[in-house]
Amino acid sequence: MNPERFRVELPRGAVRTHGSRSLWLQQELGQPEPSEHQPLAGERTTDVCIIGGGFAGLWTALELRRRAPGTTVTVIEADICGAGASGRNGGFALTWWAHFEHLVALCGAEQAVVLARRAEQAVRSIGEFCRDRGIADAFHMEGWMWAATNGTQVGEWETTMRLIDACGERPYERLSRAEVVELTGSAQHLDGVYERTSATVQPARIARELARAVKEAGVDVYEHTQARALEQDGKRTKVTVPDGSISAGQVVLAAGAWAARIPEIGAGLVVVASDIIATERLGDRLAQAGPRPGLCISDGRRLVNYYHATADGRMIFGKGGGTLGYGNRVSAAFDHPGRRANGVRAQLLRTYPGLWDAGVAERWSGPVDYSLSGLPFFVRLRELPGVLVCAGFSGDGVGPSRLAGELLSEMVCDGGTAGLPVALRTVPRRALPPEPIRYLGGRLVRAAIARKEHSEDHGLRPRAVDRTLAALDPTGYRYKPGASER
Ligand SMILES: Cc1cc2nc3c(=O)[nH]c(=O)nc-3n(C[C@H](O)[C@H](O)[C@H](O)COP(=O)(O)OP(=O)(O)OC[C@H]3O[C@@H](n4cnc5c(N)ncnc54)[C@H](O)[C@@H]3O)c2cc1C
């Protein structure tokens, strides 16, 4: 008998930023970029191979060595550690309380509280890591404001607050309008609720320091080493890289949005760009016309605006829903916003009109792996059960990836489920059409959401056709009482 050898091809195109790095990475790397971790050449054997040097992969590596010090661990990263979403994000380390609605719908209230508390602890742990590693300046726990910047968004949080209240938890404070305006530094904020346990971070500083900590913990870290294929090799998995291969007892695929090209995983994901601009340093002006430094602010629109003021006096302003990936491909349009940056700046000026003449110093983008459930999932590939995949952070992965590291390392060491409910161990499914209809339909829906939100900003009732199309957003999952609670 000739046993069938299963093989999963990973994207053949090079995973890299097309010549652009985020402000965070530029600050951290300087020019020329140092080569801290060499590429892998030749054949290697390891107990666990982690593919992806973002937060999810690196926290998993660190946790694995802590939990099972005798385990050999190898991390391979196609570009440099932190080159993906982890070094390009908006710098918000948030908890899962804002996702409580999703958590309850997927796992029931009891499990939802356990997971939300663990996600809250994850944010604190990131702060401890920064203090222990001498990069305390990369972490500022000033809290998060969930704000309304138009009338439609007022009270967006009520379902979430009610569900949390019912469980006896109190992560949020209700603020008066005057308090919201004072904290955010802008009268465009009509209302909001405030959560204490959230932080702004310099994400690239943390990612790069994390890679160093991982190496010091005894992990082999290889950069510029892209996994090309995964293949069953007896009881082991062979990971093919351009100049060699790794024979691994288990594989953790923590490749963020790039994992969406594997059809089994991509079925549960929609890959969408998020775009960010950073102003020049504004010094005292920001103290008068900006938010409290370090405070995270997001508004309640679907194409979310998220922003904060850095300690060195810049305004960072990000916007979700930038562009879609055809066939979930991460193309060059995911590295730089191009003309989309004008739309992001327009939102900055709408929110902070006093910054009308602030120059934009940097702009960048990155791919977000939106899951159809709104939460990440942790699954073993059907045909290669030695490969554990984590994807779908849905734009809120900086804090939760710390928790994911704990969960993935537990799953690897014990071979079990880490106590995760079935819904988080399954690829979320929804009937989506095949390409090119999926891509074209996605663009239509995205454009309708943008028009709807534009009308709402001007106090107008959106057109019926836009409301109808916007409601088709497959990632716009909302809790329906009793619908799927278990
Ligand atoms: C613009 C933007 C803004 C965001 N803002 C926030 C925010 O403010 N707060 C928040 O919580 N979350 C935010 N996110 C999401 C957050 O950054 C991520 O969810 C989080 O960093 C976890 O990322 P990850 O480790 O799953 O993936 P990544 O950081 O993308 O890491 C995956 C890594 O895998 C590598 N890779 C891919 N394919 C291969 C391969 N075949 N072989 C080897 N390596 C491979 C990639 O190069 C990449 O470095 C944002 C994301 C983006 C893009």
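Residue numbers 1098 to 1583, in this note's numbering, belong to the letters of the sequence shown in order.
Backbone N, C-alpha and C define an ideal beta-carbon position, used for all residues, glycine too.
Does the distance between the C-beta of residue i and the nearest non-hydrogen atom of ligand 1 fall short of 7 Å?
i: isoleucine 1465; result: Checking the sequence shown, residue 1465 turns out to be valine, not isoleucine. At least one heavy atom of ligand 1 is nearer than 7 Å to the Cβ of valine 1465, so yes.
i: serine 1462; result: yes
i: glycine 1353; result: yes
i: serine 1273; result: no
i: glutamate 1361; result: no
i: isoleucine 1232; result: no
i: aspartate 1229; result: no
i: phenylalanine 1226; result: no
i: phenylalanine 1236; result: no
i: aspartate 1176; result: yes
i: glutamate 1425; result: Checking the sequence shown, residue 1425 turns out to be asparagine, not glutamate. No, ligand 1 has no heavy atom inside 7 Å of this Cβ.
i: leucine 1505; result: no
i: leucine 1191; result: yes
i: serine 1371; result: yes
i: serine 1468; result: no
i: glycine 1139; result: no
i: phenylalanine 1152; result: yes
i: glycine 1205; result: no
i: valine 1112; result: yes
i: valine 1495; result: yes
i: leucine 1107; result: yes
i: glutamine 1323; result: yes
i: serine 1342; result: no
i: isoleucine 1534; result: no
i: glycine 1387; result: no
i: alanine 1430; result: no
i: arginine 1221; result: no
Look at residue i and residue j and say whether their C-beta atoms are less than 8 Å apart.
i: aspartate 1396; j: alanine 1545; result: no
i: valine 1336; j: glycine 1483; result: no
i: alanine 1603; j: glutamate 1328; result: This structure leaves residue 1603 out entirely; the chain is present only between 1098 and 1583.
i: cysteine 1264; j: valine 1211; result: no
i: valine 1486; j: alanine 1190; result: no
i: leucine 1203; j: leucine 1517; result: no
i: leucine 1452; j: glycine 1410; result: no
i: serine 1470; j: proline 1525; result: yes
i: isoleucine 1261; j: phenylalanine 1197; result: yes
i: arginine 1398; j: glutamate 1550; result: yes
i: leucine 1280; j: proline 1388; result: yes
i: leucine 1504; j: alanine 1301; result: no
i: leucine 1557; j: leucine 1541; result: no
i: tyrosine 1536; j: glycine 1187; result: no
i: histidine 1405; j: threonine 1294; result: no
i: tryptophan 1241; j: glutamate 1313; result: no
i: alanine 1153; j: serine 1498; result: yes
i: leucine 1478; j: glutamate 1361; result: yes
i: glutamine 1299; j: alanine 1235; result: yes
Considering only the alpha carbon of each residue, which of the options lies closest to residue i?
i: leucine 1350; options: Asp1262, Ser1506, Val1562; result: Ser1506
i: asparagine 1425; options: Ala1386, Ser1468, Arg1499; result: Ser1468
i: alanine 1219; options: Glu1198, Trp1194, Thr1256, Ala1430; result: Trp1194
i: glutamate 1140; options: Asp1340, Gln1299, Arg1558, Asp1432; result: Asp1340
i: alanine 1354; options: Arg1309, Ala1182, Glu1270, Arg1271; result: Ala1182
i: cysteine 1393; options: Leu1383, Phe1414, Gln1385; result: Phe1414
i: cysteine 1510; options: Glu1532, Glu1160, Phe1103; result: Glu1160
i: histidine 1134; options: Val1427, Ala1308, Asp1432, Leu1445; result: Ala1308
i: alanine 1044; options: Val1368, Asp1381, Leu1472, Ala1408; result: Outside the shown range of the chain, which is 1098 to 1583, sits residue 1044, and nothing can be said about it.
i: proline 1473; options: Leu1137, Ile1177, Gly1363; result: Gly1363
i: aspartate 1176; options: Ser1283, Pro1268, Ala1352; result: Ala1352
Would you grab the beta carbon distance between residue i and residue j for me? Rounded to a whole angstrom, and I think it's under 8 Å.
i: arginine 1358; j: valine 1338; result: Not quite, the Cβ-Cβ distance comes to about 17 Å (not below 8 Å), so this is no contact.
i: valine 1401; j: glycine 1422; result: Incorrect: roughly 18 Å between the Cβ atoms, too far for contact.
i: glutamate 1174; j: threonine 1322; result: 7 Å
i: serine 1491; j: valine 1465; result: 7 Å
i: glycine 1502; j: tryptophan 1156; result: 3 Å
i: glycine 1150; j: glutamate 1266; result: 34 Å between Cβ atoms; not a contact.
i: serine 1371; j: serine 1273; result: The Cβ separation is near 31 Å, so there is no contact.
i: valine 1145; j: valine 1318; result: Their Cβ separation, rounded to whole angstroms, is 13 Å, which puts valine 1145 and valine 1318 out of contact at 8 Å.
i: threonine 1246; j: alanine 1216; result: Their Cβ separation, rounded to whole angstroms, is 25 Å, which puts threonine 1246 and alanine 1216 out of contact at 8 Å.
i: leucine 1126; j: arginine 1113; result: In fact, because the Cβ distance is near 14 Å, the residues do not count as touching under 8 Å.
i: arginine 1548; j: aspartate 1563; result: 5 Å
i: alanine 1375; j: leucine 1120; result: 5 Å
Can you find a CB in chain C that lies within less than 8 Å of the CB of residue i?
i: tryptophan 1156; result: Of the protein chains in the structure, only one exists, and it is not chain C.
With a threshold of 7 Å (Cβ to nearest heavy atom), would residue i be considered close to ligand 3?
i: arginine 1398; result: No copy of ligand 3 appears in this structure; the ligands present are ligand 1.
Can you list, in chain order, the stretches of the beta strand (DSSP E) that have 3 or more residues and sit fully within the stretch 1352-1382?
-> 1366-1376
Could you tell me which uninterrupted alpha helix (DSSP H) segments, each at least 4 residues in length, are contained entirely in the stretch 1109-1164, listed from first to last along the chain?
-> 1120-1126, 1152-1164
Ignoring anything shorter than 4 residues or poking outside the stretch 1488-1552, list the alpha helix (DSSP H) runs there in chain order.
-> Entirely contained in the stretch 1488-1552, the alpha helix (DSSP H) runs reaching 4 residues are, in chain order, 1497-1511.
Identify every run of the alpha helix (DSSP H) within the stretch 1380-1431, keeping only runs that are complete inside it and at least 4 residues long; order them along the chain.
-> 1381-1386
Where in the stretch 1242-1277 do unbroken runs of the beta strand (DSSP E), each at least 3 residues long, occur, reported from the N-terminal end onward?
-> 1269-1271
Could you pull out every unbroken beta strand (DSSP E) segment of at least 3 residues lying fully inside the stretch 1161-1208, listed in chain order?
-> Listed in chain order, the complete beta strand (DSSP E) runs (minimum 3 residues) inside the stretch 1161-1208 are 1170-1173.
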